[in-house]
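Colleague:
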Amino acid sequence: MSEPLMREWRFYIDDMLQFTEKALTYTDDLTKSDFITSGITYDATLRNLELVGEAATHIPLEVRNQYGHIPWRMIIATRNRLIHGYLGIDDDVIWSIIQDDLPKLIIQLKQITSNSPDA
Numbered sequence: 001m002s003e004p005l006m007r008e009w010r011f012y013i014d015d016m017l018q019f020t021e022k023a024l025t026y027t028d029d030l031t032k033s034d035f036i037t038s039g040i041t042y043d044a045t046l047r048n049l050e051l052v053g054e055a056a057t058h059i060p061l062e063v064r065n066q067y068g069h070i071p072w073r074m075i076i077a078t079r080n081r082l083i084h085g086y087l088g089i090d091d092d093v094i095w096s097i098i099q100d101d102l103p104k105l106i107i108q109l110k111q112i113t114s115n116s117p118d119a
């Protein structure tokens, strides 16, 4: 029986970009209060943050080390907290991630894709 083909790690970077951009689009023009009470938008945004972290788990360690300025461990830890509901969800932290971290992450991920030999 043959081994299943491994998905190229660059596709996970593309996924991370897509999920990050969705989260920002969903929350664009919302205040923190509006976001927290938004129901479906809140849930969809959290789901995309989970997916960003899930995709990050598939980036090889050598690539994560090469791009050490990206907070890979925090991205993955956020995914774990959201999925497992560790100690509840801190809406202030989530809002800070959306407002401060996601725009920076998009820039950093785009730098990876532009530095890729296959880009």
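So that you can map any letter, position 30 of the sequence shown is 30 in our numbering, and since no number is skipped, the others follow by simple counting.
Where is the CB? At the ideal position from N, CA and C, for every residue including glycine.
#1: Closest to LYS144 by CA distance: which of ILE89, TYR42 and ASP34 is it?
#2: Taking the beta carbon of PHE19 as the centre, do at least 16 other beta carbons fall within 10 Å, making it buried, or is it exposed?
#3: Leaving out five residues on either side along the sequence, give the residues of the same chain with a beta carbon under 8 Å from the beta carbon of ILE97.
#4: By the DSSP assignment, the alpha helix (DSSP H) with GLY53 in it spans what residues?
#5: Quick one: grab the DSSP three-state call for LEU61.
#6: Along the chain, where does the alpha helix (DSSP H) containing GLU21 start, and where does it finish?
#7: Whole angstroms is fine: what's the gap from PHE35's alpha carbon to LEU102's?
#8: Among TYR67, SER33, ASN80 and ARG47, which one has its Cα closest to the Cα of GLN111?
#9: So, under 8 Å CB-CB, PRO60 and TRP9 are touching, yes? Tell me the CB distance rounded to an integer number of Å.
Modeller: Considering the structure as presented:
#1: Because the chain here runs from 1 to 119, residue 144 falls outside it and cannot be looked at.
#2: As a working mapping, residue 19 is identified with position 19 in the sequence shown. That one is buried.
#3: Mapped onto the sequence shown, residue 97 falls at position 97. If we look at ILE97 and ignore the five residues flanking it on each side, its Cβ neighbours are LEU49 and THR78.
#4: Here residue 53 refers to the residue found at position 53 when the sequence shown is read from its first residue. Run containing GLY53: 40-56, per the alpha helix (DSSP H) assignment.
#5: Within the sequence shown, numbered from 1, the residue matching residue 61 stands at position 61. Looking at LEU61 - three-state DSSP - the assignment turns out to be helix.
#6: Translated into the one-based positions of the sequence shown, residue 21 becomes position 21. Per DSSP, GLU21 belongs to the alpha helix (DSSP H) from 9-27.
#7: Translated into positions along the sequence shown, residue 35 becomes position 35. Translated into positions along the sequence shown, residue 102 becomes position 102. Spanning the two alpha carbons is a distance of roughly 16 Å.
#8: Sequence index remark: in the sequence shown, residue 111 carries index 111 (1-based). If we check each option's Cα against that of GLN111, TYR67 comes out closest.
#9: Taking the first residue of the sequence shown as 1, we reach residue 60 at position 60. Taking the first residue of the sequence shown as 1, we reach residue 9 at position 9. Indeed they touch by this definition, with Cβ atoms about 6 Å apart.
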